[in-house]
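One structure is given below, encoded as structure tokens.
There are 2 protein chains.
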Amino acid sequence: MNQLKNKQVLLISRPVGMPTQQNFEFKDIPVVEAKEGQVVVRTLYLSVDPYMRGRMNDSKSYIPPYQLNEVIAGGLVGEIVESKSELFKAGDKVIGMLGWQLYNTVDAKAVTKIDDSIAPVSAYLSVLGLTGLTAYFGLLDIGQPKEGETVVVSGAAGSVGMFVGQIAKIKGARVVGIAGSDDKCDYLKKELGFDATINYKTTENLDQALEEACPNGVDVYFDNVGGSISDAVMSLLNDYARIPLCGAISSYNSTDGDMGPRIQSRLIKTRSLIKGFVLSDYAARQSEGLQELGKWLTEGKLKYEETVVEGFDNVVEAFLQLFQGANLGKMLVKVSDSEF
Amino acid sequence: MNQLKNKQVLLISRPVGMPTQQNFEFKDIPVVEAKEGQVVVRTLYLSVDPYMRGRMNDSKSYIPPYQLNEVIAGGLVGEIVESKSELFKAGDKVIGMLGWQLYNTVDAKAVTKIDDSIAPVSAYLSVLGLTGLTAYFGLLDIGQPKEGETVVVSGAAGSVGMFVGQIAKIKGARVVGIAGSDDKCDYLKKELGFDATINYKTTENLDQALEEACPNGVDVYFDNVGGSISDAVMSLLNDYARIPLCGAISSYNSTDGDMGPRIQSRLIKTRSLIKGFVLSDYAARQSEGLQELGKWLTEGKLKYEETVVEGFDNVVEAFLQLFQGANLGKMLVKVSDSEF
Chain A
1 MNQLKNKQVL LISRPVGMPT QQNFEFKDIP VVEAKEGQVV VRTLYLSVDP YMRGRMNDSK
61 SYIPPYQLNE VIAGGLVGEI VESKSELFKA GDKVIGMLGW QLYNTVDAKA VTKIDDSIAP
121 VSAYLSVLGL TGLTAYFGLL DIGQPKEGET VVVSGAAGSV GMFVGQIAKI KGARVVGIAG
181 SDDKCDYLKK ELGFDATINY KTTENLDQAL EEACPNGVDV YFDNVGGSIS DAVMSLLNDY
241 ARIPLCGAIS SYNSTDGDMG PRIQSRLIKT RSLIKGFVLS DYAARQSEGL QELGKWLTEG
301 KLKYEETVVE GFDNVVEAFL QLFQGANLGK MLVKVSDSEF
Chain B
1 MNQLKNKQVL LISRPVGMPT QQNFEFKDIP VVEAKEGQVV VRTLYLSVDP YMRGRMNDSK
61 SYIPPYQLNE VIAGGLVGEI VESKSELFKA GDKVIGMLGW QLYNTVDAKA VTKIDDSIAP
121 VSAYLSVLGL TGLTAYFGLL DIGQPKEGET VVVSGAAGSV GMFVGQIAKI KGARVVGIAG
181 SDDKCDYLKK ELGFDATINY KTTENLDQAL EEACPNGVDV YFDNVGGSIS DAVMSLLNDY
241 ARIPLCGAIS SYNSTDGDMG PRIQSRLIKT RSLIKGFVLS DYAARQSEGL QELGKWLTEG
301 KLKYEETVVE GFDNVVEAFL QLFQGANLGK MLVKVSDSEF
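Read top to bottom, the protein sequences are chains A and B.
Numbering-wise (the UniProt record's numbering), the first sequence opens with residue 1 and increments by one.
Numbering-wise (the UniProt record's numbering), the second sequence opens with residue 1 and increments by one.
This is how it looks when you write it as structure tokens:
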């Protein structure tokens with residue numbers, strides 16, 4: 001193993017506002033030798049996700065902040081290149097929350113085997129992984145869309161958003177997607193069957209566009225973005241609306257206090273519910289979610305999309321591009337091909 | 001009946017911002033004669049409540065707006081002075097949502113008989129009525145306080161707020177009340193057993209005062225007020241906090257858009273739940289609520305307080321005083337004594 005060259009990405013300073021390349025540093029290191037019970041995992045695909053921005057702050061949240069001068073961690077698909085555990089053999093494909101590096105040497109229990117005969121390995125970083133499950137539980141447990149209701153999803157062309165819209169369609173809802181380019185909007189309508197879309201970047205009057213797209217008001221708002229887009233949706237809530245709060249990407253880099261109209265009066269008038277959630281809240285129901293998602297995938301009811309950036313050296317750039325909305329579907333970094 | 005003089009209060013213009021006497025008009029009219037199945041109710045006590053401000057706007061909400069040049073309606077306790085229904089006889093005490101006038105002539109089904117041997121009739125406008133039930137369902141159904149948790153209630157010396165605090169104490173929580181005068185704060189601590197109080201009008205640093213009053217963070221925030229007080233509580237939410245949204249009195253007269261820090265990021269971080277509600281959502285469980293409230297009242301576990309303004313001519317003034325926080329407990333107008 002020691003002749004393999006490892007490389008990792010460290011967080012060297014905490015971003016203020018929008019992160020930049022200067023907050024990160026690439027470092028060459030040797031591959032750590034596996035001890036008894038450990039495995040060495042070669043990275044195939046890395047997942048870059050908006051929630052990681054929160055971990056770059058030194059503040060209390062549902063997962064601890066990244067430590068300065070330590071390797072960034074996130075969702076990762078890889079293959080076992082050396083195993084000192086009876087759980088795995090070389091060539092096994094696995095998924096885990098591991099470091100942004102070419103090779104991770106970890107306890108065998110830190111990774112889970114995946115079946116690449118069902119879907120390509122990268123699918124386990126989206127539809128059969130965090131983003132598919134996040135859409136599934138947030139929409140169905142908190143949003144609870146009913147047939148004929150209107151579901152609005154922001155960040156609709158992102159990896160969570162496009163599953164939310166498709167699952168809402170499966171449940172018989174009218175689905176309105178908000179996204180940041182005409183290409184994305186076209187994709188959502190033509191490929192995924194969304195009923196209406198709004199390009200928030202080119203729409204002159206978002207309130208009016210929303211009103212036109214939601215003639216019967218809004219019953220479920222799956223919120224991935226926060227900010228002024230969410231402000232606008234609030235005025236269209238129907239009675240007993242449900243708002244699963246999944247992300248607030250528009251706020252993550254905010255340095256001005258993220259001010260907007262208060263929503264309490266609106267929530268009282270409509271008796272609406274807002275609930276923040278993270279996927280780990282549903283850990284006990286994970287296999288139920290994966291089973292349903294896998295079934296819809298096999299039946300062709302659920303499509304997934306990836307924006308793949310090539311090369312480990314581009315991982316920071318790929319992460320930064322999330323905040324420009326550069327991705328259609330899951331933003332991934334392809335680090336290496338399988339050697340097995 | 002026709003020799004009785006009636007008087008009523010009309011809404012003659014919609015308030016912009018804070019209502020004034022000029023939005024209302026007193027009018028002398030004859031008492032309407034009761035038809036078959038109707039009763040004439042002499043008003044004993046009128047309830048003035050913050051939610052009425054919302055009905056003075058011409059906007060969609062959970063109850064229709066007041067119509068211009070029509071009589072204001074609200075909770076009212078009265079006695080039957082004439083009955084053309086077998087449901088009631090003269091002298092019966094009743095409660096209903098009736099007009100702000102000396103006499104209401106209504107279908108017998110519009111009113112409900114109350115038992116003035118259990119408690120004085122006015123209690124049916126607070127602890128055994130809307131505000132007691134609002135506190136009961138909002139706190140227990142949405143807030144769900146557990147023993148040892150911290151419950152913060154704003155508008156704590158109002159009629160809903162003081163029941164919230166007392167019920168939370170019955171359930172074993174640590175209770176922190178936010179109110180607008182030292183007298184109110186003293187009352188909450190000494191008479192009602194609140195663990196800590198904050199006078200938001202004299203506290204120089206509300207964030208710091210809240211932090212000191214809630215060393216273990218906030219598990220339940222029963223929100224009666226909205227605005228900057230609620231902004232401050234948000235930063236202390238514990239994981240899985242619950243926020244029953246009952247009122248937003250600070251916003252009702254706002255004409256500047258009611259801006260504040262957006263709360264989405266905070267709700268995601270803590271996976272908290274916010275839910276707007278109104279009492280009618282719990283209509284099916286009303287008798288359960290009244291039974292529990294009556295039991296606690298009889299056992300001396302629940303105290304109630306009234307601020308009584310004398311005289312029908314002062315009803316508008318009493319309503320306006322709500323927004324100055326003039327009331328300790330339920331704000332009532334005593335219109336006449338029983339003649340039976």
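Note that CB positions come from ideal geometry on N, CA and C, so glycine has one too.
As the structure is a prediction and not an experimental result, all values here were calculated from the model.
For residue i, three-class secondary structure by DSSP
i                : result
valine 316/B     : helix
tyrosine 221/B   : strand
arginine 266/B   : helix
glutamate 310/B  : strand
aspartate 141/B  : helix
glycine 329/A    : strand
asparagine 23/A  : helix
glycine 132/B    : helix
glutamine 208/A  : helix
tyrosine 66/A    : coil
arginine 55/A    : helix
isoleucine 249/A : helix
isoleucine 243/B : strand
serine 272/A     : coil
isoleucine 38/B  : A quick correction: the sequence has glutamine, not isoleucine, at residue 38/B. Glutamine 38/B: strand per DSSP, three-state reduction.
aspartate 183/B  : helix
Contacts of residue i in chain A (Cβ-Cβ under 7 Å)
i               : result
threonine 270/B : Gly276
proline 261/B   : Gly257, Asp258, Met259
serine 230/B    : Gln264
leucine 322/B   : Correct list: empty, because the minimum Cβ distance to chain A is about 16 Å.
serine 251/B    : Arg262, Gln264, Ser265
Proximal chain A residues relative to residue i, where beta-carbon distance stays under 9 Å
i               : result
tyrosine 62/B   : Asp239, Ile268, Lys269, Thr270, Arg271
aspartate 207/B : Under the 9 Å cutoff, chain A gives no residues; its nearest Cβ is about 14 Å from aspartate 207/B.
aspartate 219/B : Those do not exist, as aspartate 219/B stays about 15 Å from chain A at its closest Cβ, beyond 9 Å.
Anticipated Cβ contact below 8 Å, residue i with residue j, distance rounded
i                : j                : result
isoleucine 167/B : isoleucine 198/B : About 20 Å separates the two Cβ atoms, so there is no contact after all.
lysine 169/A     : glycine 193/A    : 6 Å
threonine 330/A  : serine 126/A     : Per the sequence presented here, residue 330/A reads as lysine, with threonine not at that position. Contact flag correct, Cβ pair sits at about 4 Å.
cysteine 246/B   : asparagine 224/B : 5 Å
isoleucine 229/A : tyrosine 252/A   : Not confirmed; about 14 Å, so no contact.
leucine 133/A    : alanine 119/A    : Not confirmed; about 14 Å, so no contact.
Residue j beta carbon less than 7 Å from that of residue i
i                : j                   : result
leucine 332/B    : glutamate 299/B     : no
glutamine 282/A  : phenylalanine 137/A : Here the sequence assigns tyrosine to residue 282/A, which means glutamine is not the residue at that position. Contact flag set, yes.
leucine 10/A     : asparagine 57/A     : no
alanine 232/B    : leucine 210/B       : yes
asparagine 6/B   : tyrosine 103/B      : yes
glycine 78/A     : serine 47/A         : no
serine 265/B     : glycine 226/B       : no
lysine 60/A      : aspartate 92/A      : no
valine 316/A     : glutamine 21/A      : yes
valine 176/B     : alanine 213/B       : yes
residue 344/B    : glycine 54/A        : Residue coverage of chain B in this structure runs from 1 to 340, which leaves residue 344/B outside it and unanswerable.
lysine 27/A      : glutamine 3/A       : no
isoleucine 80/A  : phenylalanine 88/A  : yes
methionine 234/A : proline 261/B       : no
alanine 318/B    : valine 309/B        : yes
leucine 206/B    : alanine 156/B       : no
valine 160/B     : threonine 131/B     : yes
residue 341/B    : glycine 99/B        : The displayed coordinates of chain B run from 1 to 340. Any statement about residue 341/B would go beyond what the structure contains.
proline 244/A    : glycine 143/A       : yes
Contact list for residue i against chain B, beta-carbon separation under 7 Å
i               : result
glycine 226/A   : Arg262, Gln264, Ser265
glycine 161/A   : The premise fails here: glycine 161/A is roughly 15 Å from chain B at the closest Cβ pair, so nothing lies under 7 Å.
aspartate 281/A : Arg271
Closer than 8 Å at the beta carbon, the chain A residues around residue i
i             : result
leucine 245/B : Gln264, Leu267, Ile268
alanine 248/B : Arg262, Gln264, Ser265, Ile268
Proximal residues of chain B, C-beta to C-beta of residue i below 8 Å
i               : result
aspartate 195/A : Result: empty, since nearest Cβ-Cβ is about 24 Å, beyond 8 Å.
aspartate 313/A : None at all; the shortest Cβ gap to chain B is about 31 Å.
aspartate 223/A : Gln264
*Count the C-beta pairs between the region 147-164 of chain B and the region 208-224 of chain B that are closer than 8 Å, then say yes if the count reaches three, no if not.*
Yes, since at least three Cβ pairs between the region 147-164 of chain B and the region 208-224 of chain B fall closer than 8 Å, the two stretches touch.
*asked:* With three or more beta-carbon pairs closer than 8 Å as the criterion, would you say the region 102-109 of chain A touches the region 32-48 of chain A?
replied: Taking 8 Å as the limit for Cβ pairs, the verdict is that the region 32-48 of chain A does touch the region 102-109 of chain A.
*If you pair each beta-carbon of the region 316-335 of chain A with each one of the region 39-52 of chain A, do three or more pairs fall below 8 Å?*
Contact holds between the region 316-335 of chain A and the region 39-52 of chain A, because three or more Cβ pairs, one in each stretch, are under 8 Å apart.
*Validate contact between the region 289-299 of chain B and the region 289-297 of chain A using beta carbons, cut 8 Å, 3 pairs*: Look at the beta carbons and you see the region 289-299 of chain B not touching the region 289-297 of chain A: under three pairs across the two are nearer than 8 Å.
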